[in-house]
Amino acid sequence: MQLTAFTDYSLRALIYLAVSDGRQVSSREIAESYGISVHHVAKVCKWLVNEGYATATRGKGGGLRLAIAPEKIKIGEVVRRAERGTGLVECMRGRDGSCAIESACGLIAVLNDAHRAFFETLDRYSLADATANKRGIAKLLRQPELES
């Protein structure tokens, strides 16, 4: 399964926030550290706040930080929420009759099984698991205050 860029950026932003040890960080800082669009990261950060994963403070010295402990954020949950409405193939996104064999096709059951297994695996891991090597991640993201 290929995740959307939105989901990818959401996971990256969560990782960045998790290794920031409660320090307020801007969406620009996150975007620049990964070399991705500030506009896209700003959209992702707004979504993370709306979903309750992060809190935002406006103004000078403001920014984002995690609202939930990394151990409590399950990767599967984040991906499910971010990928809402997407399926592995067109016919899984909403049965609209666009496939000539949809009503008799056995592939949907196979793909649903694979999809379920994918999320069962993701559900076993938390953001804390993904950021177990905090110092190494911080160094690669150029967060020197966390490298030592």
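The numbering of the sequence shown is our numbering, which starts it at 21 and goes up by one. Virtual Cβ for every residue (Gly too), placed ideally from N, Cα, C. Computed from a predicted structure; not experimentally measured.
Would residue i pass as a contact of residue j if the rule is Cβ separation under 8 Å?
{"i": "Leu131", "j": "Val39", "result": "no"}
{"i": "Ile56", "j": "Tyr36", "result": "no"}
{"i": "Gly83", "j": "Ser123", "result": "no"}
{"i": "Glu42", "j": "Arg85", "result": "For the record, residue 42 in the displayed sequence is Gly; it is not Glu. Their beta carbons are under 8 Å apart, which means Gly42 touches Arg85 by this criterion."}
{"i": "Gln44", "j": "Gly81", "result": "yes"}
{"i": "Ile88", "j": "Tyr145", "result": "no"}
{"i": "Arg48", "j": "Val58", "result": "yes"}
{"i": "Ala51", "j": "Val61", "result": "yes"}
{"i": "Thr151", "j": "Pro90", "result": "yes"}
Can you give me the C-alpha to C-alpha distance between residue i and residue j, rounded to a whole angstrom?
{"i": "Arg32", "j": "Val69", "result": "15 Å"}
{"i": "Ala102", "j": "Gly72", "result": "13 Å"}
{"i": "Arg155", "j": "Ala137", "result": "31 Å"}
{"i": "Leu147", "j": "Asp133", "result": "25 Å"}
{"i": "Thr141", "j": "Val99", "result": "12 Å"}
{"i": "Asn153", "j": "Thr24", "result": "25 Å"}
{"i": "Lys92", "j": "Asp149", "result": "10 Å"}
{"i": "Gly126", "j": "Lys159", "result": "48 Å"}
{"i": "Cys119", "j": "Ile128", "result": "12 Å"}
Which two residues bound the contiguous alpha helix (DSSP H) that contains residue i?
{"i": "Arg101", "result": "Ile95 to Ala102"}
{"i": "Leu127", "result": "Leu127 to Asp143"}
{"i": "Pro65", "result": "The question names Pro, but residue 65 in the sequence shown is Cys. From DSSP, the alpha helix (DSSP H) with Cys65 extends over Val58 to Asn70."}
{"i": "Ala150", "result": "Leu147 to Ala150"}
Name the two residues that bound the continuous beta strand (DSSP E) containing residue i.
{"i": "Thr27", "result": "Note, Thr27: premise wrong, no beta strand (DSSP E); alpha helix (DSSP H) at Ala25 to Val39."}
{"i": "Arg48", "result": "Where Arg48 is concerned, there is no enclosing beta strand (DSSP E), although the alpha helix (DSSP H) it sits in stretches over Ser47 to Tyr54."}
{"i": "Ala74", "result": "Ala74 to Thr77"}
{"i": "Gly81", "result": "First-last for Gly81: undefined, no H or E at that position."}
Helix, strand or coil, according to DSSP, for residue i in the structure here?
{"i": "Arg155", "result": "helix"}
{"i": "Leu161", "result": "coil"}
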